[in-house]
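Notes for the one structure printed next.
There are 2 protein chains.
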Amino acid sequence: MTNARSIHLASRPKGAPTAENFRLEVHDLPDPSDGEVSLRVIWLSLDPYMRGRMDDGPSYAEPIKVDGVMGGQTVAEVIASKADGFATGDIVTGMTGWTTHATMPADGLRKLNPDQAPVQTSLGVLGMPGMTAWTGISELIGAKEGETIVISAATGAVGAVAGQIAKARGCRVIGVAGGPEKCSFATDTLGYDACIDHYAMDDGKAMAKALSEQAPNGIDGYFENVGGKTTAGVIPNMALNGRIAVCGMVAWYNGANMDQTIPLPLVWRTILTKRVTVRGFIVSDHWDRFDAFLSEVAPLVQSGKLTWREDVTEGLENAPETFMGMLTGDNFGKTLIRVGDDA
Amino acid sequence: MTNARSIHLASRPKGAPTAENFRLEVHDLPDPSDGEVSLRVIWLSLDPYMRGRMDDGPSYAEPIKVDGVMGGQTVAEVIASKADGFATGDIVTGMTGWTTHATMPADGLRKLNPDQAPVQTSLGVLGMPGMTAWTGISELIGAKEGETIVISAATGAVGAVAGQIAKARGCRVIGVAGGPEKCSFATDTLGYDACIDHYAMDDGKAMAKALSEQAPNGIDGYFENVGGKTTAGVIPNMALNGRIAVCGMVAWYNGANMDQTIPLPLVWRTILTKRVTVRGFIVSDHWDRFDAFLSEVAPLVQSGKLTWREDVTEGLENAPETFMGMLTGDNFGKTLIRVGDDA
C-alpha cells in the first residue's frame, strides 16, 4: 500500500496564515474504483487565490473545509487506472490539492504532452496564471498598440505573462515589483520598458510621482494584482477612457496595509472625470476563451518571445512556509513545489 | 437697445459656493452679425455638473473663466436673426449661459416645436438630463427585466428619469432620496418599488442594512449620482456581475462628507469577488446615441408613462441661490429658472 502525505487546513487564519493553520497527515492511498485513477504528484502550484479559500467569508470560491486537504492544481503521473483513456505512466494535470498522491475521478484531469513544453508550464504560462494574464490584458483592458500599461506584481506568475503579452502587442509597459533584483529582471529579461521598485516608494504619493514620470500621457490600462500604495499611485495617473482589470490585491490580503490607500471620493472622481472602467474578474468565468488564449500565447512561448521564471521549493512539507512567503513577496517567479521526481 | 443681464463667475469657490462667487452684470445686447441670432431667454436649466466647471482643477470640461458668464443650457425666443433657417419668434435651445439675452452663432442651436411637448422638456426629460439617465441605465448598466436597480438622487432631474426607464424595462427599482416627501413622490408618482430616505440613515452601515432588506438578492445595477453614505451602503450589497454607472457624486462635491465613505480595499474586494464593473460616463461622449434615447424615452413621455416634476424659481437674479440650494438637495425635481415670459 502506498502512503499519501497531505497538507490539511488545521484552522482558519486570523490575518496572515501561520504554521499552526496547516497540518501534515499521512494515510493509505485507496485503489481506484471504476472511472478513477491513482496519481503520484510531481509538481504543486502555489497561487495567491488560495489565501481567500482559507477563509469562510464571502468570496468567489467555496472555502476549504477545516481539516480538509488544501486545494490546488498539480502535475502528476498516473500510477494505476480504472478510467478509459488513462494509462499508467500518463502525465496529467488536475486539482489534487496539496498532496503526494491522490485517487480521484479521471473526469477533471487533462493529459499533458511532455514533448511540447515542460509539463509544469501547465501550472504557469500555459495554464491558469497565463490564462489569467491574457484575460486581463486582452478581454478586460483590451491593450492596444501605443498604449501605456502598468502591471503590478510585474515578475509574478501572472504579472510576468501579462507584461510580455502587452509588450508583444506594442504597448509601453511599466512594471511595479518589490526590490531591485525583480525590477532588473523585469526590464532586462521580461522586456518591460521600465519598472518601479515599490520598496523604494514611501507611500502612494511617491508612487504617483514615479508613475507620472514613466507615463507622462497617463495610464491606459492597469493590471491590478496588489492594491496598497501601488493602487493609490496609479489612480491619479489614469488616462481618459482608462481601464483597470482587478485580478487580485495581495497587499490588502490578511487585512494588511489598510492605510496604504486613497479616499474613495478621489477614486470615484477619477472614474467620473476620466471615464475609467474598473472591472473585477475571475479566470474561471472565462475558460470558454481558453483556445483564444492559447492561440495568442502558445506561439510566443514556442518562439521564445515569452519567457518565465520558476521559484521551486523541494518537498511537500515545505509548502506552507513557501506559501506564507509568497503572500509577502518572497517568491520570484512562478511558485512551485517539487513534490516528486519526474516520470 | 436691449439690456442683457448675466450672472458671472466673480471668483472660484473654496468648498461650497457662496453668493460672493457670483456677480450680476448688465450690458447692451449687440445686434447679430451674419450667421448669428439674438435671443431672449425663457428658461435656464441648473444642473449639478456646473459646480465642477466653477473650479479650475482637472475635470471633464473646460472651467468657466473667472469674470466669464456662468455656462448653461436655456430655452429662448429668437428676437433678431441674420442666420438662415432661424426667424424671429422661433423657440430654440442652446448654451447661452446664465443670462436674459444673448447674441450668438446659430450653429449650436436646436429649434423646438412647442406643439410636441412643453419647451422646457428640452432641458429635462427629453434633453440632457433624460439622455444622461438613459445612457446610464441602457448603455452602461444595461438594465434587464427582473434585475434590481438602485437610483440615488431618485427624484432629481436625472434620477427620476433613470428610475422610470428601469421600471419600464421590468426591473425592481429602489430609490434613495432626501426626506419623506421626496420618497413618497418616488413611490407614489414615479412608480419606484421602494425608496430609502437617506436623512433617516445614520451612516453607510445603516444604509447597507436598509438596502439589503429591499434588495435581498443583491443590487444588479447602481446609478450613482451622490456618493457619500449611499455609496458606502450600496457597495456591500452588489450582486454577482453587478454594474455601477458613475454619473455624479454631489454629496462629495465641495470636499464635503469625505468621512461618509468606505475603505477602498473593501470596494476593491467587492469588485473582485463579485466581478463588478464600475464605469464613469459623461453624457457628451454619447450624443451619437441621442436617437436611440429618443426612440425609447419619447414614447414613454407621450403616453404619459414617464412623468416629471419641475422645481421653478422666478428671475435670473435668484439663480445663484437656487443653484447653491440644489447642491445640498433643496430642489425637488428638475431645477429651472424662469428667466422670461413664454413667447
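Protein chains in written order, with this note's numbering: chain A, 452 to 794; chain B, 452 to 794.
We treat Cβ as the ideally placed atom computed from N, Cα and C, and that holds for glycine.
Mind listing the chain B neighbours of A/Arg-474? Cutoff is C-beta to C-beta under 8 Å, in chain order. The contacting residues do not exist; A/Arg-474 stays about 27 Å from chain B at best.
Can you tell which of A/Gly-559, A/Asp-535 and A/Leu-574 has the C-alpha that lies nearest to the C-alpha of A/Arg-760? A/Leu-574
Nearest-angstrom Cα separation, counted from B/Ile-530 out to B/Ala-617: 41 Å
If you follow the alpha helix (DSSP H) that A/Asp-862 is part of, which residue opens it and which one closes it? Here chain A has residues from 452 to 794 only, and residue 862 of chain A is not among them.
List the residues of chain B whose Cβ lies closer than 8 Å to the Cβ of A/Asp-736, in chain order. Arg-726
Curious, which full-length alpha helix (DSSP H) runs of at least 4 residues does the region 632-706 of chain A contain? As far as the region 632-706 of chain A is concerned, its whole alpha helix (DSSP H) runs of at least 4 residues are 655-665 and 679-685.
Could you name the residues of chain B that A/Ile-713 contacts, counting a contact when the two beta carbons are closer than 8 Å? Scanning chain B for C-beta atoms nearer than 8 Å to the C-beta of A/Ile-713 yields Leu-715, reported in chain order.
Using the beta-carbon of each residue, which ones in chain A are nearer than 7 Å to B/Gly-678? Pro-716 and Trp-719
Could you give the C-beta distance for B/Gly-627 and B/Val-570, rounded to a whole number, given that I count them as a contact under 8 Å? At residue 627 of chain B the sequence reads Val, which differs from the Gly that was named. The Cβ separation is near 31 Å, so there is no contact.
Taking C-beta pairs closer than 8 Å, name the residues in chain B that A/Met-709 reaches, listed in chain order. Pro-714 and Pro-716
Per-residue DSSP class, three states only, for B/Trp-494: strand
Does DSSP classify A/Gly-731 as helix, strand or coil? strand
For B/Lys-785, report the span of its beta strand (DSSP E) as first-last. Run containing B/Lys-785: 785-789, per the beta strand (DSSP E) assignment.
If distances are taken between C-alpha atoms only, which option among A/Met-689, A/Pro-714, A/Trp-719 and A/Thr-712 comes closest to B/Gly-699? A/Trp-719
Helix, strand or coil: how does DSSP classify B/Ile-722 here? helix
Are the C-beta atoms of A/Val-697 and some chain B residue less than 8 Å apart? yes
Starting from the beta carbon of B/Trp-585, find every residue of chain A whose beta carbon is closer than 9 Å, and list them in chain order. The premise fails here: B/Trp-585 is roughly 17 Å from chain A at the closest Cβ pair, so nothing lies under 9 Å.
On the three-state DSSP scale, how would you describe A/Lys-562? It is a strand residue.
Can you tell me whether B/Glu-598 is helix, strand or coil according to DSSP? coil
Taking DSSP as the reference, what is the three-state secondary structure of A/Leu-475? strand
Taking C-alpha atoms, which residue in A/Glu-632, A/Ile-722 and A/Cys-634 lies nearest to A/Gly-672? A/Ile-722
According to DSSP, is A/Leu-460 helix, strand or coil? In this structure, A/Leu-460 counts as strand in the three-state DSSP scheme.
How far does the beta strand (DSSP E) with A/Pro-556 in it extend, from its first residue to its last? 552-556
If you reduce the DSSP assignment to three classes, tell me which class B/Thr-583 lands in. Here DSSP, grouped into helix, strand and coil, assigns B/Thr-583 to helix.
Quick one: is A/Met-700 near chain B, going by C-beta distance under 8 Å? Judged by the 8 Å Cβ criterion, A/Met-700 is in contact with chain B.
8 Å Cβ cutoff, B/Ile-722 in contact with chain A: yes
Classification of A/Trp-585 by the beta-carbon crowding that lies within 10 angstroms, buried from 16 upward: buried
Report yes or no: is there a C-beta of chain C within less than 8 Å of the C-beta of B/Asp-479? In the structure shown, chain C does not exist; the protein chains are A and B.
In the DSSP assignment, what are the bridge partners of A/Ile-592? According to DSSP, which records beta bridges pairwise, A/Ile-592 is partnered with nothing at all.
Taking the alpha-carbon positions, what's the A/Thr-779 to A/Lys-785 distance? A direct Cα-Cα distance of roughly 14 Å separates A/Thr-779 from A/Lys-785.
Contact check, B/Val-790 vs B/Ile-458, beta carbons under 8 Å: no
Mind reading off the beta-carbon distance from B/Thr-599 to B/Gly-669? Whole number of angstroms is fine, and I expect it under 8 Å. 7 Å
At 8 Å on the CB atoms, spell out the chain B contacts of A/Trp-703, in chain order. Neighbours of A/Trp-703 in chain B, taken as residues at a C-beta separation under 8 Å, are given in chain order as Pro-716, Trp-719 and Arg-720.
Within 10 angstroms of its Cβ, does A/Thr-539 collect 16 or more other Cβ (buried), or is it exposed? exposed
What number of angstroms, rounded off, separates the C-alpha of B/Ala-657 from the C-alpha of A/Leu-767? Going from the Cα of B/Ala-657 to the Cα of A/Leu-767 covers about 47 Å.
Please list the terminal residues of the continuous alpha helix (DSSP H) segment that includes B/Glu-772. 770-778
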